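All residue numbers for the sequence shown refer to the numbering used here, where the first residue is 61 and numbers rise by one. Shown next, in C-alpha cells, is the structure this report addresses.
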Amino acid sequence: MTTHQDHTAPTPPRLFRAAGVQVRRYLIVDMNGQTRSLTDHQLSSRRMLLSLHGGNKDWLIRHYPRMVDGKPTDDWDDAAVADAIKRQALFKTYHLSQAAHVRLRQKGLRA
C-alpha cells in the first residue's frame, strides 16, 4: 500500500557540532524539533539518516542518488547524506551567533 507524499522538499534539519571527550558528537535538531546527539557511527545508519529527514525516502533519492556506472539507481547514497550533514554541522559550528548557542543549550542538555 502506498501513501501520498508531499513532493515539496522537507525542512532541512538544523545542525550543530560539539566535540566530546573521546568521540566527536554532532548535535542535530531534527525536523520534529528533537535535539539528538549523534556519533559518526550513528550517522552511518540508514535508519537514522532516514529518520532525520522525516522518513522522506523520495527526497533523499532525488537529492542524493546512489550511482552505479555513472547512472542513478532507485536508492539513495547513505555516505553522501552523512557527509553532507557533517559538512553542514562543521560550517554551523563556526558561523553560529552566541544567541543560537544559547537556544541550543537548553536546560538539561549537556554539550
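From the three backbone atoms N, C-alpha and C, an ideal C-beta is built for every residue, glycine too. Nothing here was measured: the structure is a model prediction, and the numbers come from that model.
If you look at Ser111, you'll find it isn't in any beta strand (DSSP E); it sits in the alpha helix (DSSP H) that goes Arg106 to Leu112. Note: Val128 is bridge-paired with Lys131 in the DSSP secondary-structure output. Boundaries of the alpha helix (DSSP H) around Gln102: Asp100 to Leu103. The count of Cβ pairs closer than 8 Å, one atom from the region 87-97 and one from the region 108-117, reaches three, so the stretches are in contact. By the Cβ neighbour-count rule, Asp138 is buried, with 16 or more other Cβ atoms within 10 Å of its own. Beta bridge pairing from DSSP links Trp136 with Pro125.
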